[in-house]
Amino acid sequence: MQRPILNPELFVFPVDSKEDKLVLYAPLEGSAAEINPDMLFLLQNLNQDQEIDFENPIFKRLKDSKIILDSQPDSEDKKESKLDYCPTHLTILPTFNCNLRCVYCYSNGGEKPITLDLEIARKAIDLLTYNISKTNSKKASLGFHGGGEPLLEENLDLVKRCVEYFRSQMEDKGIESRVVAATNGVMEEDSLEWISSNFDFINISLDGPAPIQDAQRPQKGGKPSFPYVMNTINFFEEKGLDYGIRSTITAESVTQMPEILSFFSEITKIKSIQFEPLYECGRCKTTKVRAPDPKIFIDYFLRSIEVAKEKQIKLLYSGSKVSTPSQNFCGASGNNFFLTPQGNVTTCLEVSREEDFGAKVFLIGKYDSDNKEFIFDDQKINHLKNRRVSNLSHCSDCFAKYSCSGDCLSKCYLSSGSIYDTSNNPRCEINRQLHKAQIINTLKGGNKNG
Amino acid sequence: MDKPRDRINDLELILGKVENLIRPIIYNTFQLQTAPIGSNILYSDCSCNADRPGCNSECYCDSNESFCFFVCNTHQINCCQSECNCDMNF
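If you're matching them up, the sequences are chains V and C in order.
Reading the first sequence from the start, the letters are residues 41 to 490 in this note's numbering.
Reading the second sequence from the start, the letters are residues 19 to 108 in this note's numbering.
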């Protein structure tokens, strides 16, 4: 006989509106159990004054799944993070210029088209090389992202020089290197040849069939982009370059999500696709393009899951990461090293311009051209690093908190004025409902041992 | 949005009337079904190249671009970098 200790991070929610079946969820233990109200009542009334028999099959199973513990767990309370900023991955934003005029662009790509100076890019790679030596890392990666379109033909020479310099630096030190990019996929044949030979992975933004893609992601002059993106995808498939597709879902396209998924499965060999609901910012202010209603997004995402199963495609959404419970949503929490066209260092791709609303939070460093070195603001870095789930009061009693990890920092900042205030984030309900569906689906396919 | 309340003793706030849930406890009528939900990255042993005992890793996924980093919190270095292997297939 032993005294029971209930797992301190234990949550419960009803399976459906009938409320006769409940899910007990211990996210940090990676376990969930379907229970009935009797079990809930028993657990709610367990206390440390009573002894229970762990040989009883029910309690044994609860103990095995760490819903009931036999000793106090290690505390993961409100920690002050004191991590050094020592990134070994660099993402370069070569330019704010862009050949598309996406109606929702968070960066207003193509406007004020500043391009990065090669010297600054090389200094960033030097700093990366230094960090790799300092940390004894065996792997490093270099990425390219917007701002604007990172692989624009007119900037490709800058990208080539960066890749060559990075590869040579890593080769000298015996470091395994990886080069990746996120692109709109509208590019010339010569560019495609070079990219296929020199990149390890490309993420392509493509919102759906031609009518959706061309309405949401037109070229600068308004011409369609769809044929060019498909040409790029076909080229990469022929060359065997690994790529992914990311689709932004708007109020206009939300009810077509299952069809978009089917369409991609028919015309590409894609194995995974990421659907993200539009967040209204940037160019949305002038185009008036709207985000999908969260309830409708949830509904059609769940329908898309069925299509994904049938087509054997992995369906991704950033706000619900069931297999990787984490204190941090992404590297915006003070670990990213994103070099902007203006020579600033940001931790968030959605905040890259000095005039951006979140600049005072996310721009953590700047290239000092006089001393030819990067200078960083430790106070800003610590502010970001301490943005952990444990420090988010609104999330403290939410079952999904280690899955969405407090969600996107910049979107929280835009909605509430603080990266620590998650209460106004419109993605919150999406994150909770989709995570709930993940758990219930896992249980349906799990081992029945009751 | 209202503050979520999903902790075990908060359930009445979700369901309204907790007394409706209480039925006679008969052990062998419990419908207990357990399944592993993913892997425990947060408290797992770190598989970083530094290979130092007690090293914890966390996944830092940049959702915008499918890049993924594993950062060792204990030893304060970026220890593992890989593509995102998040098993988010529903």
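Quick reminder that beta carbons are idealized off the backbone N, C-alpha and C, glycines included.
{"query": "Closer than 9 Å at the beta carbon, the chain C residues around residue 437 of chain V", "result": "21, 22, 23, 24, 25 and 28"}
{"query": "CB contact below 9 Å: residue 219 of chain V versus chain C", "result": "no"}
{"query": "Closer than 9 Å to chain C by CB, residue 50 of chain V", "result": "yes"}
{"query": "Secondary structure, alpha helix (DSSP H): runs of 4+ residues fully inside the stretch 422 to 466 of chain V", "result": "441 to 444 and 449 to 456"}
{"query": "Residue(s) in a DSSP beta bridge with residue 384 of chain V", "result": "V/406"}
{"query": "Sequence-distant residues of its chain with Cβ nearer than 8 Å to residue 491 of chain V (five each side left out)", "result": "No statement about residue 491 of chain V is possible, as the shown extent of chain V runs from 41 to 490 and does not include it."}
{"query": "Contacts around residue 111 of chain V, its chain only, beta-carbon distance under 8 Å, and the 5 residues preceding and following it disregarded", "result": "45"}
{"query": "Residues in the stretch 66 to 93 of chain V having any Cβ partner in chain C nearer than 8 Å", "result": "67, 68, 69, 70, 71, 72, 73, 74, 75, 76, 77, 78, 79, 80, 81, 82, 83 and 84"}
{"query": "Classification of residue 326 of chain V by the beta-carbon crowding that lies within 10 angstroms, buried from 16 upward", "result": "exposed"}
{"query": "Within 9 Å of chain C by C-beta, residues of the stretch 304 to 323 of chain V in sequence order", "result": "312, 314 and 316"}
{"query": "Identity of the residues DSSP links to residue 108 of chain V by a beta bridge", "result": "V/46"}
{"query": "CA-to-CA distance, residue 452 of chain V to residue 334 of chain V, given in whole angstroms", "result": "16 Å"}
{"query": "Nearest to residue 190 of chain V (by Cα), restricted to the options V/167, V/52, V/349 and V/147", "result": "V/147"}
{"query": "Min CB distance residue 142 of chain V to chain C below 9 Å", "result": "no"}
{"query": "Residue environment, residue 405 of chain V, which counts as buried when at least 16 other CB atoms sit within 10 Å", "result": "buried"}
{"query": "C-alpha gap between residue 127 of chain V and residue 171 of chain V, whole angstroms", "result": "7 Å"}
{"query": "Unbroken beta strand (DSSP E) run spanning residue 216 of chain V, endpoints", "result": "216 to 223"}
{"query": "Residue environment, residue 366 of chain V, which counts as buried when at least 16 other CB atoms sit within 10 Å", "result": "buried"}
{"query": "Stretch-stretch touch, CB-based, cutoff 8 Å, three pairs: the stretch 328 to 346 of chain V with the stretch 411 to 425 of chain V", "result": "no"}
{"query": "Own chain partners of residue 52 of chain V with C-beta closer than 6 Å, once the 5 adjacent residues on each side are dropped", "result": "62 and 64"}
{"query": "Status (buried if at least 16 other CB within 10 Å, exposed otherwise) for residue 79 of chain V", "result": "buried"}
{"query": "Proximal chain C residues relative to residue 434 of chain V, where beta-carbon distance stays under 7 Å", "result": "21"}
{"query": "Proximity below 9 Å, CB of residue 351 of chain V to CB of residue 392 of chain V", "result": "no"}
{"query": "Straight-line Cα distance separating residue 422 of chain V from residue 386 of chain V", "result": "14 Å"}
{"query": "Proximal residues to residue 394 of chain V (C-beta, below 8 Å), its chain only, five neighbours per side dropped", "result": "382, 384 and 403"}
{"query": "Nearest candidate by alpha-carbon position, reference residue 311 of chain V, set V/208, V/368 and V/353", "result": "V/353"}
{"query": "Residues that DSSP places opposite residue 367 of chain V in a beta bridge", "result": "Paired residue(s): none; residue 367 of chain V is not in a bridge."}
{"query": "For residue 86 of chain V, three-class secondary structure by DSSP", "result": "coil"}
{"query": "Any C-beta of chain C under 9 Å from that of residue 117 of chain V", "result": "Any answer about residue 117 of chain V is weak, because its pLDDT of 46 lies below 50 and its placement is not dependable; what the coordinates show is given next. Cβ-Cβ to chain C under 9 Å: no for residue 117 of chain V."}
{"query": "Among V/481, V/86, V/443 and V/324, nearest to residue 468 of chain V - alpha-carbon criterion", "result": "V/443"}
{"query": "Nearest residue (CA-CA) to residue 228 of chain V, options V/473, V/70 and V/267", "result": "V/267"}
{"query": "7 Å Cβ shell around residue 82 of chain C - same chain, five flanking residues per side excluded", "result": "Low per-residue confidence applies at residue 82 of chain C: pLDDT is 32, beneath 50, and the placement is therefore not dependable, though the value from the model is reported in the following sentence. Excluding residues within five positions, none has a Cβ falling inside 7 Å."}
{"query": "Continuous alpha helix (DSSP H) stretch holding residue 336 of chain V: start and end", "result": "334 to 351"}
{"query": "Alpha-carbon to alpha-carbon, residue 99 of chain V and residue 39 of chain C", "result": "Since pLDDT at residue 39 of chain C reaches only 48, below the 50 mark, its modelled position is unreliable, and no value is offered."}
{"query": "Residue from V/66, V/322, V/247 and V/264 whose Cα sits closest to the Cα of residue 290 of chain V", "result": "V/247"}
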